[in-house]
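So the structure is just underneath, and the comments pick up after that.
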Amino acid sequence: MMDFSDGNQKPMNPHIIIPDEFYLSEDVVGLARDMIGKLLIKRNENDLMVSVITETEAYAGETDRASHAWNRRRTARTEVMYSNGGVCYVYLCYGMHHLLNIVTAPEGIPHAVLIRSILPLSGFDSVKKTKTGAKNLIKSGIGPGRLTRLLGIDMKYNGQSLCDGEKIWIEDCGLNFKEFIAVTKRIGIDYAGADAELPYRFVVESEIADREIKKAGLF
DNA sequence: AACAAGATTAACT
DNA sequence: GTTAATCTTGTTA
41 MMDFSDGNQK
51 PMNPHIIIPD
61 EFYLSEDVVG
71 LARDMIGKLL
81 IKRNENDLMV
91 SVITETEAYA
101 GETDRASHAW
111 NRRRTARTEV
121 MYSNGGVCYV
131 YLCYGMHHLL
141 NIVTAPEGIP
151 HAVLIRSILP
161 LSGFDSVKKT
171 KTGAKNLIKS
181 GIGPGRLTRL
191 LGIDMKYNGQ
201 SLCDGEKIWI
211 EDCGLNFKEF
221 IAVTKRIGID
231 YAGADAELPY
241 RFVVESEIAD
251 REIKKAGLF
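The opening position of the first sequence corresponds to residue 41 in this note's numbering, with each subsequent residue numbered one higher.
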């Protein structure tokens with residue numbers, strides 16, 4: 041068992057950067073599940089925004105009617121989805137919301153995992169007072185459009201690497217939410233026919249995530 | 001060139 | 001429960 045204490049009673053958070061190979065699995069549904077409970081870190085000018093991923097959806101590329109890359113649609117918008125796994129795919133939805141995806145699988149396979157909600161943990165003091173930040177931080181990261189606004193993610197992050205330690209990345213802090221993960225069909229993709237019924241959405245309630253994080257003595 | 005639809009959200013009634 | 005906001009994209013002509 042690793043000792044994460046810093047010798048000063050205060051728990052130190054284990055920041056284990058995920059290896060690049062993590063993103064190269066072709067099991068995008070398994071990856072979407074595995075990303076639940078991982079930390080999403082965003083570097084700002086003067087601080088780090090640390091949150092835990094609480095909801096994801098898998099988009100399985102060219103064979104998935106719900107995916108932007110369905111039926112080999114390789115266009116200016118979807119090109120980044122064909123990149124080697126480990127970069128962001130950001131697009132504008134309904135003309136106003138930026139949605140954050142994590143591209144997975146080796147180059148040429150346009151898999152992606154949509155981040156649908158996060159639980160903010162630290163580094164959000166600057167947005168607490170804003171409408172976006174809201175009084176209730178637990179709720180402020182719920183919804184794919186809200187979390188990007190909270191984190192300040194826009195089209196500039198399209199194609200941004202998660203493996204260079206620069207602006208945004210994922211870490212493993214040892215949290216295991218497996219027993220709390222609910223699996224459902226995906227949201228807002230009724231146009232996808234039979235694929236709309238696939239069990240590709242993974243979610244853990246924010247209140248449970250909050251409880252488990254406190255129980256583990258993290259943050 | 002025109003047009004419909006969209007991996008959503010907030011503010012209504 | 002319903003609807004406006006808002007604009008890029010993919011499709012059709």
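C-beta atoms are modelled at their ideal positions from N, C-alpha and C, and glycine is treated no differently.
Treat the numbers as computed from the prediction; the structure is a model and nothing was measured.
Whole-angstrom C-beta distance between residue j and residue i, which should lie under 8 Å
i      : j      : result
Asp250 : Leu159 : 6 Å
Ile210 : Leu80  : 6 Å
Tyr122 : Gly148 : 6 Å
Lys78  : Ile93  : 5 Å
His138 : Met195 : 7 Å
Residue i: CB within 7 Å of a non-hydrogen atom of the ligand NAD
i      : result
Ile158 : For the ligand NAD, the structure offers nothing, since it holds no ligand at all.
Residues near residue i in its chain [Cβ-Cβ closer than 7 Å; skip 5 each side]
i      : result
Met41  : Low confidence applies here, because Met41 scores a pLDDT of 45, under 50, leaving its location unreliable; read the following figure in that light. The answer is none, since no qualifying residue turns up.
Asp104 : Trp110, Asp235
Asp60  : Gly126, Cys203
Met136 : none
Ala232 : Arg105, Ala106
Thr118 : His108, Ala109, Pro150
Beta-carbon gap between residue i and residue j smaller than 8 Å
i      : j      : result
Asp212 : Ile58  : yes
Val143 : Ala98  : no
Gly101 : His151 : yes
Cys133 : Ile208 : no
Leu154 : Thr96  : yes
Thr188 : Leu140 : yes
Ile229 : Ala106 : yes
Ile182 : Ser201 : no
Ser91  : Leu161 : yes
Ala116 : Tyr240 : no
Asp87  : Gly205 : no
Gly199 : Val120 : yes
Sequence-distant residues of the same chain with beta carbon closer than 6 Å to residue i, five excluded per side
i      : result
Ile221 : Ile76, Phe242, Val244
Glu252 : none
Ile56  : Glu211, Asp212
Asn145 : Correcting the residue identity first, residue 145 is Ala in this sequence and not Asn. Cβ neighbours of Ala145 beyond the five flanking positions: Glu66, Gly125, His151.
Same chain, Cβ closer than 8 Å to residue i, five either side skipped, listed in chain order
i      : result
Ile254 : In the sequence as displayed, the identity of residue 254 is Lys instead of Ile. Here the set comprises nothing.
Hey, which unbroken runs of the alpha helix (DSSP H) at 4 residues or more fall wholly within the stretch 83-123? none
Which runs of the beta strand (DSSP E) fall wholly inside the stretch 192-224 and span at least 3 residues, in chain order? 208-212, 222-224
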